[in-house]
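**Student:** Residue numbers (the working numbering): 9 to 72. We treat Cβ as the ideally placed atom computed from N, Cα and C, and that holds for glycine.
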Ligand SMILES: [Zn+2]
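1. May I have the straight-line CA-CA distance separating residue 28 from residue 13, to the nearest angstrom?
2. Does residue 11 pass the burial test, meaning 16 or more other C-beta atoms within 10 Å, or should it be called exposed?
3. Give the C-beta separation of residue 61 and residue 21 to the nearest angstrom, bearing in mind that I take them to be a contact with Cβ-Cβ under 8 Å.
4. Given a cut-off of 9 Å on the beta-carbon distance, is the pair residue 33 and residue 57 in contact?
5. Beta carbon of residue 59: closer than 8 Å to some heavy atom of ligand 1?
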């Protein structure tokens, strides 16, 4: 009889929350939203903000 040991599953640690880019108003808005979500215990909402901060094109400082 052969006992097959399944390969262990290693979960990756969650990514570090991205830092908002200074001068980027979108980052600032999502950073505030993320803080509010965390304060409300809304980890999913905070994660959404992290994704948005990572993937949007950052505006230059002073741009509208
Ligand atoms: Zn940004």
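**Tutor:** According to the structure shown:
1. 44 Å
2. exposed
3. That pair is no contact at about 18 Å.
4. no
5. no
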